[in-house]
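Colleague: Protein chains in written order, with the numbering used here: chain X, 1 to 249; chain E, 250 to 559.
Backbone N, C-alpha and C define an ideal beta-carbon position, used for all residues, glycine too.
Treat the numbers as computed from the prediction; the structure is a model and nothing was measured.
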Amino acid sequence: MKNLTAVKAHFFLDCVLLLSWGIMLSTLSKEGPLSAILHPTYKYWSFFCGVILLLLAFLLPLLNNPCILHTSSFPITQRVVIFLPILLALSFRSSEFSRAALLNRGLSTHPNFSMAPHDNCTQLYQDMEGFWNITPLDAWLLSKSETDRAEFSNASVSLIGQIMLPNASSQLRHPIIFRIWVNCCFADATPIGISISEADSYKLESVQELSWVHLKGKIHFHEEPPHVPELRILDLQTITPPTQKYLFR
Amino acid sequence: MRSDIATPVSYGFSFQDFLAPFLSILFQALPFVLFGCLFAAFLETILPVSAITRLLQKTGKFRYLFCAFAGSLFPLCECAALPIVRSLHRNGVSLSCCVIFLFSSPVVSPLCVISTWAAFQNQNPEATTFLRVVCVILIALCTGIFTSFLKSNDILSRLSAKDAFAAKLQDQFLATGFSQRLHHAVEEFLDYTCYLILGAALAAILSTGINRQLLFELGMYPSVSVGIMMTASVMLSLCSSSDAFIIAPILGIPWAAKLAFLIISPLIDIKLLVLYSTFFRKTFLMKISILFLLGTFLLAQLILLFYPAK
Numbered sequence: 001m002k003n004l005t006a007v008k009a010h011f012f013l014d015c016v017l018l019l020s021w022g023i024m025l026s027t028l029s030k031e032g033p034l035s036a037i038l039h040p041t042y043k044y045w046s047f048f049c050g051v052i053l054l055l056l057a058f059l060l061p062l063l064n065n066p067c068i069l070h071t072s073s074f075p076i077t078q079r080v081v082i083f084l085p086i087l088l089a090l091s092f093r094s095s096e097f098s099r100a101a102l103l104n105r106g107l108s109t110h111p112n113f114s115m116a117p118h119d120n121c122t123q124l125y126q127d128m129e130g131f132w133n134i135t136p137l138d139a140w141l142l143s144k145s146e147t148d149r150a151e152f153s154n155a156s157v158s159l160i161g162q163i164m165l166p167n168a169s170s171q172l173r174h175p176i177i178f179r180i181w182v183n184c185c186f187a188d189a190t191p192i193g194i195s196i197s198e199a200d201s202y203k204l205e206s207v208q209e210l211s212w213v214h215l216k217g218k219i220h221f222h223e224e225p226p227h228v229p230e231l232r233i234l235d236l237q238t239i240t241p242p243t244q245k246y247l248f249r
Numbered sequence: 250m251r252s253d254i255a256t257p258v259s260y261g262f263s264f265q266d267f268l269a270p271f272l273s274i275l276f277q278a279l280p281f282v283l284f285g286c287l288f289a290a291f292l293e294t295i296l297p298v299s300a301i302t303r304l305l306q307k308t309g310k311f312r313y314l315f316c317a318f319a320g321s322l323f324p325l326c327e328c329a330a331l332p333i334v335r336s337l338h339r340n341g342v343s344l345s346c347c348v349i350f351l352f353s354s355p356v357v358s359p360l361c362v363i364s365t366w367a368a369f370q371n372q373n374p375e376a377t378t379f380l381r382v383v384c385v386i387l388i389a390l391c392t393g394i395f396t397s398f399l400k401s402n403d404i405l406s407r408l409s410a411k412d413a414f415a416a417k418l419q420d421q422f423l424a425t426g427f428s429q430r431l432h433h434a435v436e437e438f439l440d441y442t443c444y445l446i447l448g449a450a451l452a453a454i455l456s457t458g459i460n461r462q463l464l465f466e467l468g469m470y471p472s473v474s475v476g477i478m479m480t481a482s483v484m485l486s487l488c489s490s491s492d493a494f495i496i497a498p499i500l501g502i503p504w505a506a507k508l509a510f511l512i513i514s515p516l517i518d519i520k521l522l523v524l525y526s527t528f529f530r531k532t533f534l535m536k537i538s539i540l541f542l543l544g545t546f547l548l549a550q551l552i553l554l555f556y557p558a559k
């Protein structure tokens, strides 16, 4: 009798867990700071997973009585562990990495370590003033093709990104404008940056570390392989973070 | 361009740095775990207990090969494969067949094959994809054969042995309709979720806290590149459908070392170790981890002998 009560209590707790996870996944994966870190393709999977969990939370008590054989093997501590991420997800506000985490994830001006995916550039377009709207990822991809390098060398470009300034503790020698590129999930989030010309470093004195900027400048590529792209600043404005902070594949 | 500052093992990280990858891994992996559990419940309902075992008997001596390639029919990833394997085992499939299916299905799945081929464009895509699949299957087959010599008590965790026993009792005495299966699928899903949370936390700490630049820098020395890339793969806990995109573009790492990264990735990593501990005994997990590491290392060294310059 005591066992059956315990099983029923566990069953009730499981339904509460399913309900909580269902509500969380179906709401937080649609909008908000947590939604911003989910891959656009996979966030729909998370949303549907939430909907299915909600359905299960309501369906299970209607369908059958709890099975004493399985429920009894699942301790309460595990249920507590499952509940913790719900609290963490609800308290999640900012998805921006610190300087240390960005360096750990491989932000560097050294070409050998900068990871540029083998994708094609996004469709590049020129604004009314003749500036090409590019991302740091586009700049890396342009550097890979001889034709693109010839076409875009010394071209006027406009890009949005975060600024990282050099300091003594890291290998960074120049300021970098970077964006975070995500292939599948945040485990593989990689900052991809372009160096800002050393001569222009003084123009960044008023800019705070990791602040978002809209930069207009001239791009050029180093002559020797791997033809690292570099920027000369024409105009720089601090901006509020964009809605789509990350570049997803 | 390079400075004289030694590359540190880690620049440090904060709780906030950990939280974003942790929640991202969890939120994106959870649907696959749920679909795996539901698919397993569905499979158990539509296929009678004896049907799968009979199918395997029909394949005779080729049953191991059949299990190795069975995953190519489903777009499975590592997280979704385990609930299906647990269900297959409950349905009477031998543990050696289960082990082969578990470790080969992520890499023979169409998702993984296409992503590897696409990521390695201009870097021998056909050979990379082919060797990745062949090497993982070889290692999975060896693990399966090794498993066949062990008793189930030495392989299965106490919980999964109890689970199999409970399922047998349930089949005999209780209703085995879809609703019962569904309830069991939910129990299993919650069980996996608990371990997935622990695995995702470890993966998030390692992927954020360790300086990748240092790992990839060390990976450029041919003599140690294979070992370093294998360590990186185990620590980063990347999904087998996306790992190729991470490793392919890094310049300077020998091709064989990149291949070692791709071979070990679907077999074992921090997240998977935690997840697999729900099904396997820790001693067995340790044994097969050594087998995976040794197998991958030897195969990669062999490839390095033939393709040293790449």
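Between which two residues does the beta strand (DSSP E) carrying Y246(X) extend?
Modeller: Mapped onto the first sequence, residue 246(X) falls at position 246. Y246 to F248 is the span of the beta strand (DSSP E), which, as asked, contains Y246(X).
Colleague: In the DSSP assignment, find the unbroken alpha helix (DSSP H) run with A189(X) in it and report its ends.
Modeller: Locating residue 189(X) in the first sequence gives position 189, where the first residue counts as 1. Neither: A189(X) is in no alpha helix (DSSP H) and is coded neither H nor E.
Colleague: For E466(E), does the three-state DSSP call read helix, strand or coil?
Modeller: Here residue 466(E) corresponds to residue number 217 of the second sequence, with the count starting at 1. Correct three-state label for E466(E): helix.
Colleague: Grouping DSSP H, G and I as helix and E and B as strand, with all else coil, what is F178(X)?
Modeller: As a working note, residue 178(X) is residue 178 in the first sequence. Reduced to three states, the DSSP call for F178(X) is strand.
Colleague: By how many angstroms is the C-alpha of P85(X) removed from the C-alpha of W21(X)?
Modeller: What you label residue 21(X) is simply residue 21 of the first sequence in a count that begins at 1. What you label residue 85(X) is simply residue 85 of the first sequence in a count that begins at 1. Cα-Cα distance, rounded: 9 Å.
Colleague: Thinking just about the alpha-carbon of each residue, which of L521(E), A509(E) and Y260(E) is nearest to the one in L548(E)?
Modeller: Position 299 of the second sequence, counting from 1, holds the residue named residue 548(E). Measuring from the Cα of L548(E), the nearest candidate turns out to be A509(E).
Colleague: Under 8 Å, do P229(X) and I160(X) count as touching if we go by C-beta distance?
Modeller: Here the question's residue 229(X) lines up with position 229 in the first sequence. Here the question's residue 160(X) lines up with position 160 in the first sequence. No. Outside cutoff.
Colleague: Just to confirm the assignment, what range does the beta strand (DSSP E) spanning Q162(X) have?
Modeller: What you label residue 162(X) is simply residue 162 of the first sequence in a count that begins at 1. Looking at the DSSP string, the run of the beta strand (DSSP E) that includes Q162(X) is A155 to M164.
Colleague: Tell me, please, which residues DSSP counts as bridged to K536(E).
Modeller: Translated into positions along the second sequence, residue 536(E) becomes position 287. Paired residues: none, contrary to the question.
Colleague: Just tell me which of F271(E), T532(E) and Y260(E) has its CA closest to the CA of N402(E).
Modeller: Start at 1 with the first residue of the second sequence, and residue 402(E) comes out as number 153. It is T532(E) whose Cα lies nearest to the Cα of N402(E).
Colleague: Among R149(X), G106(X), L63(X) and G130(X), which has the Cα closest to the Cα of G217(X)?
Modeller: As a working mapping, residue 217(X) is identified with position 217 in the first sequence. The shortest Cα separation from G217(X) among R149(X), G106(X), L63(X) and G130(X) belongs to G130(X).
Colleague: Taking the alpha-carbon positions, what's the I459(E) to L18(X) distance?
Modeller: What you label residue 459(E) is simply residue 210 of the second sequence in a count that begins at 1. What you label residue 18(X) is simply residue 18 of the first sequence in a count that begins at 1. Those two C-alpha atoms are separated by around 34 Å.
Colleague: Report yes if the C-beta distance between L445(E) and L279(E) is below 8 Å; otherwise report no.
Modeller: Against the second sequence, residue 445(E) aligns to sequence position 196. Against the second sequence, residue 279(E) aligns to sequence position 30. Contact: yes.
Colleague: From this set, C328(E), S358(E) and I404(E), which residue's C-alpha is nearest F344(E)'s C-alpha?
Modeller: Reading the second sequence from its first residue, position 95 is the one you call residue 344(E). Inspection of the sequence shows that residue 344(E) is occupied by Leu rather than by Phe. Selected option, being the one with the closest Cα: I404(E).
Colleague: Buried or exposed: which applies to L380(E), given that a residue is buried once 16 or more other Cβ atoms fall within 10 Å of its Cβ?
Modeller: One-based indexing of the second sequence puts residue 380(E) at position 131. Buried, by the Cβ-count rule.
Colleague: Quick one: which chain E residues come within Cβ less than 9 Å of S201(X)?
Modeller: In the first sequence, counting from the first residue as 1, residue 201(X) sits at position 201. Simply none; closest approach about 15 Å.
Colleague: At a Cβ threshold of 8 Å, is R149(X) touching chain E?
Modeller: If you number the first sequence from 1, residue 149(X) lands on position 149. Not one chain E Cβ lies under 8 Å of R149(X).
Colleague: Would you call A150(X) buried or exposed, if buried means 16 or more other Cβ atoms sit within 10 Å of its Cβ?
Modeller: Numbered from its first residue, the first sequence carries residue 150(X) at position 150. Burial call: exposed.
Colleague: Near L522(E), which residues of its chain fall below 8 Å by C-beta distance, leaving aside the five closest residues on each side in sequence?
Modeller: Within the second sequence, the letter at position 273 stands for residue 522(E). Closer than 8 Å at the Cβ level, and outside the excluded window around L522(E), lie G448, L534 and S538.
Colleague: Going by beta carbon distance, what residues of the same chain come within less than 8 Å of S72(X), once the five residues before and after it are set aside?
Modeller: Counting from 1 along the first sequence, the entry for residue 72(X) is found at position 72. Low local confidence applies: a pLDDT of 46 at S72(X) is under 50, so the model's placement there is unreliable, with the coordinate-based value given in what follows. Counting only Cβ-Cβ distances below 8 Å, and skipping sequence neighbours, we find N3, A6, V7 and H10.
Colleague: For a cutoff of 8 Å on Cβ pairs, would you count N167(X) as touching chain E?
Modeller: As a first step, residue 167(X) must be located in the first sequence, where it is residue number 167. Not one chain E Cβ lies under 8 Å of N167(X).
Colleague: Measure the C-alpha to C-alpha separation of S156(X) and P270(E) and round it to an integer number of angstroms.
Modeller: One-based indexing of the first sequence puts residue 156(X) at position 156. One-based indexing of the second sequence puts residue 270(E) at position 21. Their Cα atoms are separated by approximately 35 Å.
Colleague: Output the distance between the C-alpha atoms of S46(X) and I495(E), rounded to the nearest integer angstrom.
Modeller: Taking the first sequence and counting its residues from 1, one reaches residue 46(X) at position 46. Taking the second sequence and counting its residues from 1, one reaches residue 495(E) at position 246. Their Cα atoms are separated by approximately 23 Å.
Colleague: Using CA atoms only, rank isn't needed, just tell me which of L87(X), E224(X) and L62(X) is closest to L25(X).
Modeller: For the purposes of this step, residue 25(X) is taken as the residue at position 25 of the first sequence. When only C-alpha atoms are compared, the closest one is L87(X).
Colleague: Measure from the C-beta of D518(E) to each C-beta in chain X and report whether the shortest distance is under 8 Å.
Modeller: In the second sequence, the residue the question calls residue 518(E) occupies position 269. Not one chain X Cβ lies under 8 Å of D518(E).
Colleague: Can you give me the Cβ contacts of V258(E) inside the same chain, cut-off strictly under 8 Å, excluding the 5 residues immediately before and after it?
Modeller: As a first step, residue 258(E) is located in the second sequence; it is residue number 9 there, counting from the start. Correct list, in chain order: I459, N460 and L463.
Colleague: In this structure, does DSSP put H70(X) in helix, strand or coil?
Modeller: The residue labelled residue 70(X) in the question sits at position 70 within the first sequence. With a pLDDT of 49 at H70(X), under the threshold of 50, the predicted position of this residue should be treated as unreliable, though the coordinate-derived value follows. Helix.
Colleague: Within 10 angstroms of its Cβ, does K520(E) collect 16 or more other Cβ (buried), or is it exposed?
Modeller: Counting from 1 along the second sequence, the entry for residue 520(E) is found at position 271. Buried.
Colleague: Using a Cβ-Cβ distance under 8 Å, would I192(X) count as near chain E?
Modeller: Position 192 of the first sequence, counting from 1, holds the residue named residue 192(X). For I192(X), the answer is no, since every Cβ of chain E falls outside 8 Å of its Cβ.
Colleague: List the residues of chain X that C443(E) touches, going by C-beta distances under 7 Å, in chain order.
Modeller: If you number the second sequence from 1, residue 443(E) lands on position 194. Chain X residues near C443(E): Q78, V81 and I82.
Colleague: Quick one: what does DSSP say L305(E) is sitting in, helix, strand or coil?
Modeller: What you label residue 305(E) is simply residue 56 of the second sequence in a count that begins at 1. Helix at L305(E).
Colleague: Near S397(E), what residues of its chain come up, given a Cβ to Cβ distance below 7 Å and the 5 sequence neighbours on each side ignored?
Modeller: The sequence position of residue 397(E) within the second sequence is 148, counting from 1. Counting only Cβ-Cβ distances below 7 Å, and skipping sequence neighbours, we find S345.
Colleague: Considering only the alpha carbon of each residue, which of G309(E), F323(E), R430(E) and C328(E) lies closest to R339(E)?
Modeller: Counting from one through the second sequence, the residue named residue 339(E) turns up at place 90. Of G309(E), F323(E), R430(E) and C328(E), the residue nearest in Cα terms is R430(E).
Colleague: Which residues of chain X have a Cβ atom closer than 7 Å to the Cβ of G458(E), listed in chain order?
Modeller: Position 209 of the second sequence, counted from the first residue, corresponds to residue 458(E). Going along chain X in sequence order, the residues near G458(E) (Cβ under 7 Å) are N104.
Colleague: So, helix, strand or coil for N133(X), using DSSP?
Modeller: Counting from one through the first sequence, the residue named residue 133(X) turns up at place 133. Three-state result, N133(X): strand.
Colleague: With distances taken from CA atoms, which of E293(E), F311(E), M484(E) and L351(E) is nearest A434(E)?
Modeller: The count along the second sequence starts at 1 and reaches residue 434(E) at position 185. Here the closest residue by C-alpha is E293(E).
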